[in-house]
Amino acid sequence: GSRGINPLNPLSSPLDLTTIAKGIAADMRDEVQRGKVADYIPPLAQVSPDRFGIAIVTADGQQHCAGDADEPFSIQSISKVFALTLAIGAVGDELWARVGREPSGSAFNSIVQLESEHGIPRNPFINAGAIVVTDVLLGHLEPREAIGQMLRFVRELSGDDTIAIDESVARAEQDTGFRNKALANYMRAFGNLNGEVDKVLGTYFHFCALAMSCRQLAMAGRYLMNGGRVDGHGVVTARRARRINALMMSCGHYDNSGDFAYRIGLPGKSGVGGGILCVAPGIASVAVWSPGLNAAGNSHLGTMALERLVHLTGWSVF
Ligand code: DON
Numbered sequence: 058g059s060r061g062i063n064p065l066n067p068l069s070s071p072l073d074l075t076t077i078a079k080g081i082a083a084d085m086r087d088e089v090q091r092g093k094v095a096d097y098i099p100p101l102a103q104v105s106p107d108r109f110g111i112a113i114v115t116a117d118g119q120q121h122c123a124g125d126a127d128e129p130f131s132i133q134s135i136s137k138v139f140a141l142t143l144a145i146g147a148v149g150d151e152l153w154a155r156v157g158r159e160p161s162g163s164a165f166n167s168i169v170q171l172e173s174e175h176g177i178p179r180n181p182f183i184n185a186g187a188i189v190v191t192d193v194l195l196g197h198l199e200p201r202e203a204i205g206q207m208l209r210f211v212r213e214l215s216g217d218d219t220i221a222i223d224e225s226v227a228r229a230e231q232d233t234g235f236r237n238k239a240l241a242n243y244m245r246a247f248g249n250l251n252g253e254v255d256k257v258l259g260t261y262f263h264f265c266a267l268a269m270s271c272r273q274l275a276m277a278g279r280y281l282m283n284g285g286r287v288d289g290h291g292v293v294t295a296r297r298a299r300r301i302n303a304l305m306m307s308c309g310h311y312d313n314s315g316d317f318a319y320r321i322g323l324p325g326k327s328g329v330g331g332g333i334l335c336v337a338p339g340i341a342s343v344a345v346w347s348p349g350l351n352a353a354g355n356s357h358l359g360t361m362a363l364e365r366l367v368h369l370t371g372w373s374v375f
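Rendered as structure tokens:
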């Protein structure tokens with residue numbers, strides 16, 4: 058698509074992204090079908106499906122926000138992007154001996170492939186994969202240190218040191234995360250988990266319980282749109298940024314990843330709290346949030362909003 062010029066009218070002035078964000082937020086506010094809020098993690102069930110936020114941060118650093126863009130929400134599986142980034146930084150390509158790079162075509166919390174695939178999860182963005190990624194981080198850190206490293210990382214990426222972890226969400230996941238306990242124990246039986254299950258999961262749950270707003274999340278995603286660099290400082294190499302984006306495109310929405318690529322055409326990562334981080338390489342880092350989910354556990358209105366955004370901007374990579 059065009060870059061920064063409205064493809065629907067190439068002679069028009071450059072895109073007014075603030076107006077676009079506000080228009081999308083207004084449209085989403087009026088939608089009746091809002092999806093179903095996750096309730097398997099009890100505190101998430103308390104969040105109103107009426108919420109919607111959008112934040113667009115462009116490569117030149119401008120922020121365009123609308124709706125509930127400054128309301129922190131549970132980023133849940135979006136944290137898998139930051140955990141992957143830290144783990145690749147820690148062990149490099151050795152990571153790929155323990156986790157694959159293929160879409161699973163299964164639910165985010167599925168266990169079925171682990172049996173025939175020897176405890177090696179399909180990719181780092183399903184729960185099993187992120188649990189292994191967390192175990193890798195714990196190869197050289199205590200849980201407390203790994204949680205601190207994650208918190209420092211997202212605070213630094215977003216330039217906002219008010220970001221915090223919602224302990225009540227982390228605790229609720231400890232109390233109710235029976236599937237994750239099954240996944241971790243099963244992988245441990247295959248020798249693909251070195252740490253104690255409780256320590257690995259405690260760390261994983263704290264990553265998922267990070268609370269961030271759309272604005273903070275879009276700011277945190279800038280390194281992925283900028284070839285790994287933020288404010289002249291290298292977070293990851295350009296090659297790593299490209300590879301993380303490729304994984305987000307192919308695996309970022311679980312068994313909905315093909316549909317997301319078809320409708321949006323951009324790398325994206327969803328979370329069961331209703332957030333989506335989406336990257337238009339070279340152009341923008343975008344975060345949307347609406348807690349109602351579709352059947353695959355991805356934000357219903359968030360996906361619709363991104364579809365509208367790429368339609369209006371031509372930002373699809375295809
Ligand atoms: O482990 C879990 O089930 C949650 N903490 C994260 C799952 C999630 O966000 C799936 N997303 N769409």
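In my numbering, the protein residues as written are 58 to 375.
Every residue, glycine too, gets a C-beta built ideally from N, C-alpha and C.
Own chain residues within Cβ distance below 7 Å of residue i, not counting five before or after
i      : result
PRO129 : ALA268, MET269, SER270
ALA185 : LEU171, PRO178, LEU240, MET244
SER314 : PRO160, SER307, CYS308
GLY284 : ALA295, ALA298
Length of the line joining the Cα atoms of residue i and residue j
i      : j      : result
SER105 : ALA95  : 11 Å
SER59  : VAL367 : Note on SER59: pLDDT 43, under 50, position unreliable in the model; the coordinate value appears next. One C-alpha to the other measures close to 11 Å.
ASN237 : LEU323 : 29 Å
THR370 : LEU72  : 7 Å
GLY291 : VAL89  : 43 Å
PHE247 : VAL138 : 25 Å
ILE340 : ASP84  : 24 Å
THR142 : LEU74  : 29 Å
ASN249 : PRO178 : 9 Å
PHE317 : THR360 : 8 Å
CYS265 : SER134 : 6 Å
ASP107 : GLY176 : 40 Å
ILE98  : LEU358 : 20 Å
ALA295 : TYR280 : 9 Å
VAL329 : PHE109 : 14 Å
GLY92  : PRO100 : 17 Å
As assigned by DSSP and simplified to three states, the class of residue i
i      : result
ALA227 : helix
ILE390 : This structure cannot speak to residue 390, because the chain is shown only from 58 to 375.
HIS368 : helix
HIS290 : strand
PHE317 : helix
GLY328 : coil
ALA239 : helix
GLY92  : coil
THR219 : coil
PHE262 : helix
Supposed close pair residue i, residue j - CB separation, criterion 8 Å
i      : j      : result
ILE81  : ALA123 : 7 Å
VAL211 : VAL190 : Not a contact, Cβ separation roughly 15 Å.
Contact with chain B by residue i, beta-carbon distance below 8 Å
i      : result
ASP107 : Checking the listed chains, one finds no chain B in this structure; it contains a single protein chain.
Close Cβ partners of residue i (< 8 Å) along its chain, the five nearest in sequence each way excluded
i      : result
ILE204 : ILE222, THR260, HIS263, PHE264
GLN120 : ALA112, ILE113, VAL114, ARG272, ALA275, MET276
ASN355 : HIS310, TYR311, ASN313, PHE317, SER327, ILE333
query: Which runs of the alpha helix (DSSP H) spanning at least 4 residues fall entirely within the segment 141–190, listed in chain order?
result: Counting only runs of 4+ residues, the alpha helix (DSSP H) found wholly inside the segment 141–190 occupies 169–173, in chain order.
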